[in-house]
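Numbering (mature numbering (1 follows the signal peptide of the UniProt record, and there is no 0)), first residue to last: -31 to -1, 1 to 361. Where is the CB? At the ideal position from N, CA and C, for every residue including glycine. First comes the structure, then the notes that go with it.
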């Protein structure tokens, strides 16, 4: 009887221990789920890219991007190739951070919450044919120099906060920041002018390898959270459609060979990002399918209230040898390209770059995570930040 009673007591004790442990497990699981839904609170954004995300670098380095660029929103050109905000502007707004200061613009610079290394005309690979010398490798080198100088300044002040603390990046933020990429369009667009479809496809692995090198260099510098945009449907750019009138079109009117190349590029980019997520510990690389978002605008243009998706707002930008806002004098006659009145009804701003309306619609898809892999809203595009950063 005593043994039986003892066994019963032991069984009850074991039963309650199991219940207790199950309760802890459930609470832990719930806490994990809740924690994963918290905002990452990215303290800064560092962006790399071409004119699709250049917020003033090309203006500072070469010459001002003239109005009517930017005028509709900023009241001035603001160094952007659009009538207003770019996708990167909507991203920083969503993260409640200031618009990014271009690294190349030293006047009035504020790098407290990040910097923009994107420069108009840039490619991933360093090629002579590229429009800009600021290829992705150069942009990463600029970032490394930027970080080194920032840390040096802090060290010179014996690790006390420097006098310029309000505009200087904080050393501890480099590993907590979001690193964004929007580049590759020029590699394909320029290559298409000099290669066959198959030749251009054959060059993709080398482009991806250059991109991979850049990511690994940034990772070595402490970057952990990456948001990587694939390339859009380059074959649908009005500028290229006018330049290649004899090239076969797809069912939507875009250059079929070039879009085939873009799709293949994106396929290989997505695969590489998947590999890097396994290779680089304590990091998260998010693949963002910008192609599908921009393609959706073109396919559903009429339903979304847009005019012909292959028309553009800044008239004269394509077809008369002018960039948007520039003036030329053919045969002594002054010609000036200017903005349309209904800019919100255009997908393309100048034949190459998106309008603010199109940028906003694409940005919304990025921010809600619906075109991302993993499907996380931008504000949660990290693993558990507090756990990851502690391991860096």
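Within 10 Å of its beta-carbon, does residue i have 16 or more other beta-carbons around it, so buried, or fewer, so exposed?
i           : result
residue 187 : buried
residue 255 : buried
residue 133 : exposed
residue 224 : buried
residue 109 : buried
residue 192 : buried
residue 165 : exposed
residue 37  : buried
residue 328 : buried
residue 75  : exposed
residue 154 : buried
residue 204 : buried
residue 381 : Nothing about residue 381 can be reported from this structure: the residues present for the chain run from -31 to 361 only.
residue 278 : buried
residue 194 : buried
residue 32  : exposed
residue 339 : exposed
residue 77  : exposed
residue 81  : buried
residue 312 : buried
residue 217 : exposed
For residue i, does the three-state DSSP call read helix, strand or coil?
i           : result
residue 363 : Past the edges of the chain, shown from -31 to 361, lies residue 363, and the structure says nothing about it.
residue 87  : coil
residue 140 : helix
residue 11  : coil
residue 340 : coil
residue 213 : coil
residue 308 : coil
residue 199 : coil
residue 204 : helix
residue 107 : helix
residue 276 : coil
residue 369 : The structure shown does not extend to residue 369, since the chain spans only -31 to 361, so no value can be given for it.
residue 18  : strand
residue 75  : coil
residue 218 : strand
residue 261 : helix
residue 296 : strand
residue 59  : helix
residue 317 : strand
Since residue i and residue j are thought to touch, with beta carbons under 8 Å apart, how far apart are those beta carbons, to the nearest angstrom?
i           : j           : result
residue 56  : residue 332 : 5 Å
residue 227 : residue 157 : 7 Å
residue 137 : residue 119 : 6 Å
residue 334 : residue 8   : Not a contact, Cβ separation roughly 19 Å.
residue 362 : residue 66  : Nothing can be reported for residue 362: it is not among the residues displayed for the chain, which extend from -31 to 361.
residue 346 : residue 336 : 6 Å
residue 325 : residue 42  : 6 Å
residue 100 : residue 64  : That pair is no contact at about 30 Å.
residue 140 : residue 237 : Going by Cβ atoms, the distance from residue 140 to residue 237 rounds to 35 Å, so no, they are not a contact pair.
residue 19  : residue 89  : 6 Å
residue 245 : residue 152 : Not confirmed; about 16 Å, so no contact.
So the beta strand (DSSP E) residue i belongs to, where does it begin and stop?
i           : result
residue 151 : 147 to 151
Which stretch, first to last residue, makes up the alpha helix (DSSP H) that contains residue i?
i           : result
residue 255 : Premise fails: residue 255 lies in the beta strand (DSSP E), 253 to 257, not in any alpha helix (DSSP H).
residue 100 : Counting along the chain, residue 100 falls outside any alpha helix (DSSP H), and DSSP gives it neither H nor E.
residue 29  : 26 to 30
residue 243 : 225 to 248
residue 188 : 166 to 189
residue 157 : 154 to 163
Consider the Cβ of residue i: report whether some Cβ of chain D lies at a distance smaller than 8 Å.
i           : result
residue 310 : Here there is only one protein chain, and chain D is not present.
Is there at least one non-hydrogen atom of the ligand NAD closer than 7 Å to the beta-carbon of residue i?
i          : result
residue 98 : This structure lacks the ligand NAD, and indeed carries no ligand of any kind.
Exercise. For the 8 Å Cβ check, are there 3 or more pairs between the stretch 318 to 326 and the stretch 38 to 57?
Worked result: Touching, yes, given that three or more Cβ pairs across the two stretches are closer than 8 Å.
For this session: State whether the stretch 14 to 33 contacts the stretch 58 to 74, with contact taken as three or more CB pairs (one from each stretch) at a distance under 8 Å.
Result: In short, these stretches touch, since the Cβ pair count reaches three.
Exercise. Does the stretch 175 to 185 come close enough to the stretch 78 to 96 to have 3 or more Cβ pairs within less than 8 Å?
Worked result: Under the Cβ criterion (8 Å, minimum of three pairs), the stretch 175 to 185 counts as touching the stretch 78 to 96.
Exercise. Does the stretch 197 to 207 come close enough to the stretch 257 to 267 to have 3 or more Cβ pairs within less than 8 Å?
Worked result: Touching, yes.
For this session: Check whether the stretch 100 to 119 touches the stretch 5 to 18, taking contact to mean three or more Cβ pairs, one atom from each stretch, closer than 8 Å.
Result: Yes, since at least three Cβ pairs between the stretch 100 to 119 and the stretch 5 to 18 fall closer than 8 Å, the two stretches touch.
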